[in-house]
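Chains as they are written, first to last, in my numbering: chain A, 1 to 292; chain B, 1 to 338; chain C, 1 to 388.
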Amino acid sequence: MLSLLSNPTILGQIVVNGLSLSAIYVLVALGFTLLFGIMRVVNFAHGEFVMLGGFALYYLYGMLHLPWLLALVLGALAVAVPSLLLEWLVFRWFYQKMFQSMIGLLGLSMVLMFTGLLVWDAYERNIPRAFDFMIKTHGVILPADRLVTIGAALATLGGFYLFMVHTRAGLAMRAAAQDVEIAETQGINTRRIYQLAFFVAILLAALAGGLYGQIYAVSPFMGERPLLVAFVVVILGGMGSIPGAALGGVILGFTESVLGTLYGGSAAAYASFSVVILLLIFRPWGLLGTPE
Amino acid sequence: MAQQTGDGMTQGPALALALRAPRSRAIKYGLSVAAAVFLLVWPLFVHDRFLYHMAITLLLAAIGASSLHLIIRTGHVSLCHAAFLGVGAYICVNLVMRLKLPFAVGILAGAGGAALLALAIGPIILRLTGKYFVLVTFLFGEIVRMVFVDWQSLTGGANGILEIPPPSPFFADPQHYYYLALALSALCVGLCARILTSEIGRAIDSIREGEQLAECAGVPVIRIKVMVFVIACGLVGFEGGVQAHYSHYVSPQAYSITESLNFIIINVIGGMTSLVGPLLGTGFIVITPELLRGYVELQQIIFGAILILVMAFLPGGLAGLGGRVQWLMGRARGAMRP
Amino acid sequence: MHALGKRIAFGALLLALGASQVSAEEVLKIGGIGTLSGGGTAWGLAIKRGAELAIDEVNKAGGLKVAGQTYKIEFIMYDDQYTGQGGKTAAERLVFQDKVKFIIGPIGSNPVLSTIEITTPEKVLVLGDGYTPAILKNEAHAPYNFRFTLTNLEFTPKMVKWVKENLHPKKVGILEPNDAIGQAVAPNLIKAYKEVGIDVWSDFFERGTKEFTPLLTRMIASDVDALDLNFNAPGDSGLMLKQAREAGFSGLVYQMGGPSVPENIEIAGKSAEGFISYEMYDFTSPVGKALTEEYDAKYGKGIINSQLPAFYNATKILFEALRRAGTVTDTTKVRDTIEHMDGYDAGVYGPLKWTGMETYGVNHQIDLPFFIVKVQDGKTVPLAEIKP
């Protein structure tokens, strides 16, 4: 089976598939790890914000035919802004309380998912391709929209990095992630930081949802898999570590792509899980987390 | 129990003292006896088969919830508890149906098999702290479930094993099975209580509160953690066998992350500081969805909202409700003082 | 004279009262079990809505008339969450709390298997689905349950023959979910292909995956000239079709199972052009159009799951069986009536036909016509109808 790798077409496709998988995983995991890193909240409802982002793009682009990039950004904002109400209603009771947040947000996930079911019915919907052509170079066939997804993810990651490192707000967030109490004594308004972190996390999730929904399909249940993936990526990368989430996403995406292509579905699943377990046993803080 | 209102300061310690008073201990004792009598006697007066089903489900789930509680008391949250439930179930069913061994042997062997598996992985994974342990157990649980699905010759694969016989024709009647479940459940939960109130229980609490400190004080931390983990997984494996012969049907779906998460939810909602927690939690999680069934479409939405509310306002779980009520009453009394 | 007149009037009044008592409405509870949460919800809704449409028709016409008594039908449906445990709890509740005698559904091997463990000893009739043969082929010979949809054992041999004769693939690729359906079905499917001389490449994936490209890439590298989406769920089938085309697969794509034609068109868009599929129902027929109108009126426009007509059919057949048997409590009599109702046309699928004795040891498997359709210009075009 390894001989497949010598075929440039197959190799090219493995790389592209891997990258596009990784791109999506990273986007979803980023928001998840932000919420844990700063507020110690395990957002079991994260998948549902991804889902809402998917529906937002479905309506703005699929139904209203706004220009794609505008629809994507507007859609993410359309989810993140009203979610601040949810932050006030639900999330703020669970900050710094890991277990309570797990169950409480699991409850929120059920509320969102089944309300979605009432509103949108169970069947899967399609968002039309923004870029409908295929790029053919050197015998490798690449769907253009996958490349755009990779591009969008990289742009988002870059923007996020700039925000965290080169703005005062980002600095405040990083301080809060390290130690909330000390950050408070330094004059940082914890409440504002939490709201900002929440907003950014949901924005990322909704953006990921739009891209994810466009590549796959949109339905009230579409968030379940992204949540699972976010969980594993974040473990892999180290909980609370942002570069870790990025690295974890890339590794998981590639592993799935390579092993799936060479050895088939089940083998890929067993292998990825075993690798992560072994990693956790020998390096439990993940690839880029810090040992406690 | 520190209070924040002025008069609450004097209420708190007074309340605590009041609880330890002989009178309230007598009340607690009396309540326990009344509960035991009720559990033994109600099936003789109420012949509702669906209620028997609910009661049996509740009693058996209590075993899993209580055993997970033991693990939680050592400071670890296991997301693979249902995997051990499955291990016990499949071992028991195979021994009884293929090797024609008696039911009692089957359930004990199921418990033993689950315990052995726990012994194999325990010493390795119990060295991991908090969130990493959670995540490793999550992945381990998934692997075990995938093995259940793939090892078709032993487990029937994703379609499962059908037509599992009851332990004996006498127990085909749910009313009789109820008493069996009651006895076995009482035994298992009793074992958990015994462990928690013994020397080992104190060691467990010291480990949870400060591992390094306990180590320095001479507590064999990893050995106790492994022992508790093995016992807890053995208990839930025991539940697996008993449950399989009640449902007459097993499949890997019943042993997935959803079920493991259910046990966790039960413990968090019920309260993680005492054994009363998982018992209350089991009742809540088993009964509430049935009460909501009438709402069909809104069922899950309402249940989710209830979870949010309970966790937001009772962070200590349902077991903390008593304390909360007393605290609120204390505030009210304080407010009424001149 | 006056007194007699009075007595006659009084007697007439009593008779009138008595008669209206007899034809006063009673309620007949019908149970339903199906998946109303999680991935299988589309199927659970198909059961719920199919049954509800049939029940509405009967209630609007004044109720179900059985042996001189008129019944208003009440439908009680519970979620089984697509698990055995869920099916068991739902069945327990329906049978012992709500005391129903007739259950529509469930779909899915696990819930059906655990449901019949409960309903069979209690002689409650179950009109359901579920692919695994064990549902009908068991020691008890499925005395109180019927299957109202075709399974692979019924239509695969016929469709494989059609595929061989009309599409002539040399090597077919199939991707199966690693779950109850996949494990029950894959071996039979592969066998059926090999028996007509078609080579097969197959692989399993974990349920929940949305990214099939790695597997499809492998498949393409194995020189497959046709992709059979077989029994994959609607969402998965659509994605496989779309991703296969994107991965560069130019061979034939068809589906010997499902069916999920409207969902596939929705998800795959232009990639669905030329896609051929097994179809359970012809929504373009006059009956199909009428059903679509009824559905749209009650539930709004949307994709109608292909399983719905089967349960609509099942409910209507149940009602006719109750009428013919003249009882709503003697389920054994109703069961016998259903078994002998061959030829009855409920207006959904044509004349009823039972089959299955050879395969399962009992004739509780419905035999239905099925269709083969093709997608052209985004629309579904019938290619063939295979009669039972």
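Glycine included, each C-beta is placed from N, C-alpha and C at the ideal position.
Taking all protein chains shown into account, do 16 or more other C-beta atoms lie within 10 angstroms of the C-beta of residue i, making it buried, or fewer, making it exposed?
i      : result
B/A2   : Only weak support exists for where B/A2 lies, its pLDDT of 40 falling under 50; the coordinates are left without a value.
C/D179 : buried
C/L127 : buried
C/F231 : buried
B/I264 : buried
B/C216 : exposed
A/R191 : exposed
C/Q376 : exposed
A/W68  : buried
B/W151 : exposed
A/Q186 : exposed
B/A120 : exposed
B/S24  : exposed
B/I124 : exposed
B/P169 : exposed
C/S23  : Because C/S23 carries a pLDDT of 49, less than 50, the predicted location of this residue cannot be relied on, and no value is offered for it.
A/L278 : exposed
A/I182 : exposed
Could you give the residue range of the beta strand (DSSP E) that holds residue i?
i      : result
C/A226 : 226 to 228
C/P382 : 379 to 386
A/T137 : 134 to 137
Less than 8 Å between the CB atoms is what I'm expecting for residue i and residue j, so what's the real figure, rounded?
i      : j      : result
C/E26  : B/H53  : 28 Å between Cβ atoms; not a contact.
B/G319 : B/V276 : Per the sequence shown, the amino acid found at residue 319 of chain B is Ala instead of Gly. With a Cβ gap of about 5 Å, B/A319 and B/V276 count as contacting.
A/G213 : A/I127 : 6 Å
B/C188 : B/S66  : 7 Å
B/G141 : B/C92  : Going by Cβ atoms, the distance from B/G141 to B/C92 rounds to 19 Å, so no, they are not a contact pair.
B/V219 : B/A203 : 5 Å
C/T115 : C/I33  : 6 Å
A/A29  : A/G170 : So it is not a contact: roughly 18 Å between Cβ atoms.
Can you check which of these residues, the options, is closest to residue i by C-alpha distance?
i      : options                        : result
B/R127 : B/G75, B/D150, B/S168          : B/G75
A/T156 : A/A246, A/Y58, A/G54           : A/A246
B/G404 : B/Y29, B/L261, B/G112, B/V96   : An answer regarding residue 404 of chain B cannot be provided, because it is not within the stretch 1 to 338 covered by chain B.
B/L117 : B/V268, B/F84, B/W327          : B/F84
A/I281 : B/A181, B/G190, B/F133, B/L235 : B/F133
C/V381 : C/D330, C/L318, C/L291, C/Y278 : C/Y278
A/K97  : B/F103, B/V268, B/N262, B/I143 : B/V268
C/S202 : C/K210, C/M219, C/V196, C/P214 : C/M219
A/G75  : A/L84, A/L85, A/Y61, A/L86     : A/Y61
C/A221 : C/P262, C/L241, C/K171, C/P177 : C/K171
C/I133 : C/V124, C/V112, C/V200         : In the sequence as displayed, the identity of residue 133 of chain C is Pro instead of Ile. Residue C/V112 is the option with its Cα nearest to C/P133.
By the DSSP assignment, the alpha helix (DSSP H) with residue i in it spans what residues?
i      : result
B/R324 : 321 to 336
C/T292 : 286 to 299
C/D236 : 234 to 246
B/Y177 : 174 to 197
C/N188 : 180 to 195
Would you say residue i reaches chain D, if we count a Cβ-Cβ gap shorter than 8 Å as a contact?
i     : result
B/F38 : Structure shown: chain D not included; protein chains present are A, B and C.
Decide yes or no for the touch test of the segment 108 to 117 of chain A against the segment 34 to 52 of chain A: beta carbon pairs closer than 8 Å, at least 3 of them. yes
Pairs of beta-carbons, one from the segment 50 to 57 of chain C and one from the segment 69 to 86 of chain C, closer than 8 Å: are there three or more? yes
Does the segment 317 to 335 of chain C come within contact of the segment 61 to 68 of chain C, defined as at least 3 CB pairs closer than 8 Å? In short, these stretches touch, since the Cβ pair count reaches three.
Determine, using beta-carbon pairs with one atom in the segment 244 to 254 of chain B and one in the segment 61 to 74 of chain B, whether at least three such pairs fall under 8 Å. Too few Cβ pairs lie closer than 8 Å, so no.
Give a yes or no on contact between the segment 11 to 28 of chain A and the segment 143 to 151 of chain A, applying the rule of three or more CB pairs nearer than 8 Å. yes
Could you tell me whether the segment 22 to 41 of chain A touches the segment 229 to 238 of chain A, where touching means 3 or more Cβ pairs closer than 8 Å? With a cut-off of 8 Å, the segment 229 to 238 of chain A and the segment 22 to 41 of chain A count as touching, because enough Cβ pairs lie within range.
Contact between the segment 120 to 137 of chain A and the segment 98 to 116 of chain B (3+ Cβ pairs under 8 Å): no
At a cut of 8 Å, does the segment 307 to 316 of chain B reach the segment 85 to 94 of chain A through at least three beta carbon pairs? yes
Taking 8 Å as the threshold, find out whether the segment 147 to 159 of chain C comes into contact with the segment 336 to 347 of chain C through three or more Cβ pairs. no
Would you be able to state if there are at least three C-beta pairs under 8 Å between the segment 362 to 371 of chain C and the segment 133 to 148 of chain C? yes
Tell me, please, whether the segment 141 to 159 of chain B touches the segment 267 to 276 of chain B by the rule of three or more beta-carbon pairs shorter than 8 Å. no
Give a yes or no on contact between the segment 39 to 48 of chain C and the segment 298 to 309 of chain C, applying the rule of three or more CB pairs nearer than 8 Å. yes
Indicate whether the contact test is met: 3 or more Cβ pairs, each with one atom in the segment 198 to 206 of chain A and one in the segment 68 to 87 of chain A, closer than 8 Å. yes
Quick check: the segment 162 to 182 of chain C against the segment 226 to 242 of chain C, are there 3 or more CB pairs under 8 Å? yes
Would you check if the segment 111 to 123 of chain C and the segment 132 to 146 of chain C touch, i.e. whether three or more CB-CB distances between them fall below 8 Å? yes
Pairing CB atoms from the segment 187 to 199 of chain C with CB atoms from the segment 236 to 248 of chain C, are three or more of them under 8 Å? no
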